[in-house]
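The structure appears below as structure tokens.
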Amino acid sequence: MIEITKKHANILVVVNGVRPAVADLKADVATLEMTFTYHSEVSCLIHAEGSDYIDKVKAFYARFW
42 MIEITKKHAN ILVVVNGVRP AVADLKADVA TLEMTFTYHS EVSCLIHAEG
92 SDYIDKVKAF YARFW
């Protein structure tokens, strides 16, 4: 499930992926929350917030798989 909300120039994207039960792991939901900002004055309009963006994505996929 993907949820996108916008408040002023901030965009919040929440991805919930259901991880099926395998081997010793129970079924669970892996969640990834990403915040972006919209800047109409520059050519690249949407920017990821925070320096830990890549680490959040890596952690999500590590939990998901």
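Using my numbering, the letters of the sequence shown map in sequence onto residues 42 to 106.
The C-beta atom is built at its ideal place from N, Cα and C for all residues, glycine as well.
Asked: For Ile-43 and Arg-60, what's the separation of their Cα atoms in angstroms?; Found: 15 Å
Asked: Is it the case that the Cβ atoms of Leu-73 and Phe-101 are separated by a distance below 8 Å?; Found: yes
Asked: Can you grab the Cα-Cα spacing for the pair Ser-84 / Arg-104, in whole Å?; Found: 34 Å
Asked: Assign Lys-97 to one of three DSSP states: helix, strand, or coil.; Found: helix
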